[in-house]
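Using the working numbering, you'd call the opening residue of the sequence shown number 22 and step up by one each time.
No residue lacks a Cβ here, since even glycine has one placed at the ideal position from N, Cα and C.
Just so you know, these numbers come straight off a predicted model, no measurement behind them.
Scroll down for the structure; my scribbles are underneath it.
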Amino acid sequence: MTRQGDARRHESADPLRQVIIEAADELYYANGFRAVGMDALRQRAGVSLKRLYTVFPSKESIVLAVLDYRHQIWADEIAAAVAQQATPRDRLLAIYDYLAGWFRSDSFRGCVFINAFGELASESPAVATKAADHKRDFRRYMERLATEAGFSEELGDQLMLLAEGAQTTAAITGDSSMALKARRAAETLLGAEASAQAQSVP
Numbered sequence: 022m023t024r025q026g027d028a029r030r031h032e033s034a035d036p037l038r039q040v041i042i043e044a045a046d047e048l049y050y051a052n053g054f055r056a057v058g059m060d061a062l063r064q065r066a067g068v069s070l071k072r073l074y075t076v077f078p079s080k081e082s083i084v085l086a087v088l089d090y091r092h093q094i095w096a097d098e099i100a101a102a103v104a105q106q107a108t109p110r111d112r113l114l115a116i117y118d119y120l121a122g123w124f125r126s127d128s129f130r131g132c133v134f135i136n137a138f139g140e141l142a143s144e145s146p147a148v149a150t151k152a153a154d155h156k157r158d159f160r161r162y163m164e165r166l167a168t169e170a171g172f173s174e175e176l177g178d179q180l181m182l183l184a185e186g187a188q189t190t191a192a193i194t195g196d197s198s199m200a201l202k203a204r205r206a207a208e209t210l211l212g213a214e215a216s217a218q219a220q221s222v223p
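See below:
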C-alpha cells in the first residue's frame, strides 16, 4: 500500500502540471521546502524554467498545489484503510495501523503539513491556512468515525490528537513504534468511554 511519504500519481487534466507537482512533492518532502529551489525542481521535472513558471507563477503556488495533492493522498488512503475494517471500533483503530505502516517506510519524514507550516507559515498565510484546513478535515473525520461508533465527538478529538502526536514524535525521534503505542492508548480511551456509557444506563 502506498504511504503518505511516497509519491502517488493522481489523474490530472494537465499532465505537465501533474509531473511538476509530483517532482516538487518528492523534493520538498525529502529535503524541505526552503532547501529546494526552482532550478532543482526544473531539473527533476524535466522542464525549462520558463515552462515551469508558465504553469506555476511562483514557488508558493507550487507548494499549495503539493499540499492539495498530499491532502488527497492522505484522505484516500485513510479512507481505504478504514473501509477494510468490519466494525466501527476497528475502523477507529485502523488509523493507527495505517500510521504504523507509514512510519516504517524508508521515506517517512513526518507530516508534510506540519513541515510546511513550520517552514513557511510566517511568510505565507496561504500555506498556514492550507495546513490548518488539512488538520481540521482530519479532526472532523475522526469525530465522525467516533460518533458512528457510538462515542462522543470529544473522543474523536482525543483520538485525533493521539494520531497527530504519534506523527510528530515518530518523525523527530525516528521511533516507528509510536503508532502502536498511540493505538494502545486509543484502545484505553475507547474502553473507558464504553465503560462510562454502560454505567450511565439506568
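request  = Could you give the DSSP three-state label for V84: helix, strand or coil?
outcome  = helix
message = Quick check on the burial criterion: 16 or more other C-beta atoms within 10 angstroms. Buried or exposed for L70?
response = exposed
Residue of A56, A51 and I42 minimising C-alpha distance to M74 = Strictly speaking, residue 74 in this sequence is Tyr, with Met absent from that position. Relative to Y74, the option among A56, A51 and I42 whose CA is nearest is I42.
key: First through last residue of the alpha helix (DSSP H) which encompasses G122   = Where G122 is concerned, the enclosing alpha helix (DSSP H) stretches over P109 to F124.
key: Alpha carbon of R160 to alpha carbon of A96, nearest angstrom   = 12 Å
key: Opening and closing residue of the alpha helix (DSSP H) in which S79 lies   = Run containing S79: none; DSSP gives neither H nor E here.
query = Does the Cβ of G177 have 16 or more other Cβ atoms within 10 Å, making it buried, or fewer, making it exposed?
reply = buried
ask   = Does DSSP classify V40 as helix, strand or coil?
value = helix
Q220, DSSP secondary structure in three states = helix
request  = Specify the secondary structure class of G177 as computed by DSSP and reduced to three states.
outcome  = helix
Start-to-end residues for the alpha helix (DSSP H) that takes in E144 = Per DSSP, E144 lies in no alpha helix (DSSP H) and is assigned neither H nor E.
task = Rounded to whole angstroms, what's the CA-CA distance from A102 to S143? Just pull it up for me.
result = 34 Å
ask   = Do you know how far the Cα of R65 is from the Cα of F77?
value = 15 Å
key: Neighbourhood of Y90 by C-beta, 8 Å cutoff - its chain only, sequence neighbours within 5 removed   = Residues H31, I42, E43 and D46 of the same chain have their beta carbon placed closer than 8 Å to that of Y90, with the five preceding and five following residues left out of the count.
ask   = Which value, in whole angstroms, describes the spacing of the CA atoms of F54 and A100?
value = Their backbone Cα atoms lie some 27 Å apart in a straight line.
task = Note down, in chain order, each residue of its chain lying with its Cβ closer than 6 Å to the Cβ of R63, except the 5 sequence neighbours on either side.
result = The residues are L70 and L73.
inquiry  = Using a Cβ-Cβ cutoff of less than 6 Å, which residues in the same chain neighbour C132 once the five nearest sequence positions on both sides are dropped?
reply    = In its chain, beyond the 5 residues on either side, Q188 have a beta carbon closer than 6 Å to the beta carbon of C132.
query = Mind checking E169: buried by the 16 CB within 10 Å criterion, or exposed?
reply = exposed
query = A56 by DSSP, collapsed to three states: which one?
reply = coil
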